[in-house]
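In terms of UniProt numbering, the sequence shown opens at residue 1 and continues consecutively. We put the CB at the ideal spot given by N, CA and C, even for glycine. Computed from a predicted model, the values in this text were never measured in an experiment. Accompanying notes for the structure given below.
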Amino acid sequence: MAKFLIIRFSSIGDIIQCMNVVNGIKNHFPNAEIHWIARKDMGSFLNMDKRINRVWGFDKKTGFKGLLQMARQLKAEKFDYIYDAHSNIRSNILKAVLLPPLYYLFPRGPRYTLRHKDRWKRFLLFKLRINKFDKPFRGIISYQKPLATWGITNFESDYSDWNFPAEYEERFHRTLTPKTITLVPSANWEMKRWPVSNWQQVIQLMPDYRFIILAGPSDTFCETIQAIAPERVNNLAGKTSLLESCYLVKQSNLVISGDTGFLHAADLFHTKAIALMGPTAFGYPTGKQAEVIEVDLPCRPCTKDGHGKCKQSTWQKCMVDILPKRVVDTALRILDFKS
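In structure tokens, the structure reads:
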């Protein structure tokens, strides 16, 4: 039985995109034992997948000493395959402990592969406007590619046995009706958020539909979106945990979102989605059930994650110019096909 360790500490979106590699591992090694080390607060996502045998939660508060202690525990597991899907200081520390000395000169022990961050390509793109990445760049595929060195190339799967608390079905069965759409208006960086007024127009242009909003407790602007039609909009910002929000995404008829972790969750669950893509380079969905709406501007993409400055005379032009009518027409077509 092959024993795998996947190293990806954060963030929400990256972990969800990386979770797709479990399909490939199980397709090629049906009896594989899979372990994953992630930041402690990210464990709830990984525990959704019953095929992951153990999630190792690293607490940042324990610092370097805690990481070394966990590395020694991991080494005792005697993994056959180690996949560093993060490539940062912490994962390099783990690699130093888990791999034998001079591993690259004399490979032995566990097989090891790394997901490169292509920092040189990033420099060319964001500093010199020379794009050497795939167009569009799909994060899920970038996590799959390093496993080809082990002969893992088939990632197709209809896996649906996601592990959610049984109480969720009872708690949320009235939240999502056949005519409810899930909106994800927030994002870590404001530059990749669709304007509040555009979300309001979508709600106004779809008077026969109800909506739920998924966002964090600090996203108070969601109250303004809800106010446009409070009788039809259920603002859950700050009212659901990350795992609960994932469950709602999985059960949704349609998710409309920018480049967010919940967009990637919809991709993972094969939930129909509309992706509003603006300044970011690496957030494109992969699944056929997701439709991308974007505008063609020579400055796109201008940032890795939405952190930066907009050089257009109209701030956030790539998002502003995605018109609500276009989104609504796409949503109605998807929902009509779904019905």
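Can you give the beta carbon distance from residue i to residue j, rounded, assuming they're within the 8 Å contact cut?
i: CYS310; j: PHE45; result: In fact, because the Cβ distance is near 31 Å, the residues do not count as touching under 8 Å.
i: residue 342; j: ARG8; result: Residue 342 lies beyond the residue range present for the chain, which begins at 1 and ends at 339; the question has no answer from this structure.
i: TRP150; j: ARG108; result: Going by Cβ atoms, the distance from TRP150 to ARG108 rounds to 16 Å, so no, they are not a contact pair.
i: residue 340; j: PRO279; result: Outside the displayed span of the chain (1 to 339) sits residue 340, for which this structure offers no information.
i: ARG115; j: SER160; result: Incorrect: roughly 26 Å between the Cβ atoms, too far for contact.
i: PHE4; j: PHE79; result: 7 Å
i: TRP315; j: GLY258; result: That belief does not hold up - the Cβ atoms of TRP315 and GLY258 are roughly 16 Å apart, past 8 Å.
i: VAL202; j: VAL327; result: 6 Å
Tell me the rounded alpha-carbon separation between residue i and residue j.
i: ASP84; j: GLN69; result: 18 Å
i: ALA166; j: PRO136; result: 38 Å
i: ALA96; j: ARG138; result: 30 Å
i: TRP162; j: LEU243; result: 11 Å
i: GLU190; j: ILE93; result: 33 Å
i: ILE34; j: GLN17; result: 17 Å
i: ASN234; j: THR182; result: 10 Å
i: PHE172; j: LYS127; result: 46 Å
i: PRO301; j: ALA76; result: 44 Å
i: GLY216; j: LEU147; result: 34 Å
i: THR62; j: GLU294; result: 42 Å
i: LYS317; j: ASN31; result: 49 Å
i: GLY261; j: LEU102; result: 37 Å
i: PRO100; j: GLN144; result: 25 Å
i: GLU156; j: GLY66; result: 37 Å
i: LEU125; j: ASP59; result: 34 Å
i: PRO324; j: MET277; result: 14 Å
i: PRO313; j: ASP321; result: The question names Pro, yet the displayed sequence has Ser at residue 313. Distance between the alpha carbons of SER313 and ASP321: 13 Å.
i: THR113; j: ARG174; result: 45 Å
i: ASN188; j: PHE123; result: 22 Å
i: TYR168; j: ASP49; result: 16 Å
i: ASP118; j: ILE130; result: 13 Å
i: ARG90; j: SER10; result: 11 Å
i: GLU223; j: ASP208; result: 21 Å
i: SER197; j: PHE221; result: 11 Å
i: residue 346; j: ASP14; result: The first residue shown for the chain is 1 and the last is 339, placing residue 346 beyond what the model contains.
i: LYS132; j: ASP329; result: 33 Å
i: ASP296; j: ILE12; result: 28 Å
To which residues of the same chain is residue i closer than 6 Å at the C-beta, ignoring the five residues directly before and after it?
i: ASN27; result: ASN154
i: GLY57; result: LYS40 and GLY43
i: TRP36; result: ILE6, LEU46, ILE52 and VAL55
i: ILE152; result: GLY24 and HIS28
i: ARG232; result: ARG210
i: MET319; result: TRP194 and GLY278
i: GLU333; result: A quick correction: the sequence has Arg, not Glu, at residue 333. Within the same chain, ARG333 has no close Cβ partners at all.
By Cβ distance, which residues of its chain are closer than 7 Å to residue i, with the 5 residues on each side in sequence left out?
i: PHE29; result: ALA2
i: ARG51; result: VAL22, LYS26 and ILE34
i: CYS299; result: LYS311 and GLN312
i: LEU335; result: ASN253 and LEU254
i: GLY287; result: ASP267 and HIS270
i: GLY308; result: MET191 and CYS302
Who does residue i pair with in a DSSP beta bridge?
i: HIS35; result: LEU5 and ARG54
i: GLU291; result: ILE274
i: PHE211; result: ILE181 and VAL233
i: ASP49; result: TRP162
i: VAL255; result: THR182 and ALA273
i: ARG138; result: TYR284
i: TYR83; result: ILE6 and THR113
i: THR303; result: THR280
Under 9 Å, do residue i and residue j count as touching if we go by C-beta distance?
i: LEU263; j: ALA237; result: no
i: ILE212; j: LEU176; result: yes
i: GLU291; j: ALA275; result: yes
i: TRP199; j: PRO185; result: yes
i: VAL255; j: THR240; result: no
i: PHE269; j: SER142; result: no
i: LYS121; j: GLY306; result: no
i: LEU105; j: ILE82; result: no
i: residue 374; j: ASN253; result: Outside the modelled stretch of the chain, which goes from 1 to 339, sits residue 374, for which no answer is possible.
i: GLN204; j: ALA227; result: no
i: GLN251; j: ASP267; result: no
Go through its chain and collect everything with a Cβ distance to residue i's Cβ below 8 Å, but skip five positions before and after it.
i: PRO331; result: The displayed chain sequence assigns Ala, not Pro, to residue 331. Here the set comprises ILE181, VAL202, MET206, LEU254, ILE256 and ILE274.
i: LEU74; result: LEU5, HIS35, ILE37, TRP56, LEU94, VAL97 and LEU98
i: ASP219; result: PRO185, SER186, ALA237 and GLY238
i: PHE64; result: ILE93
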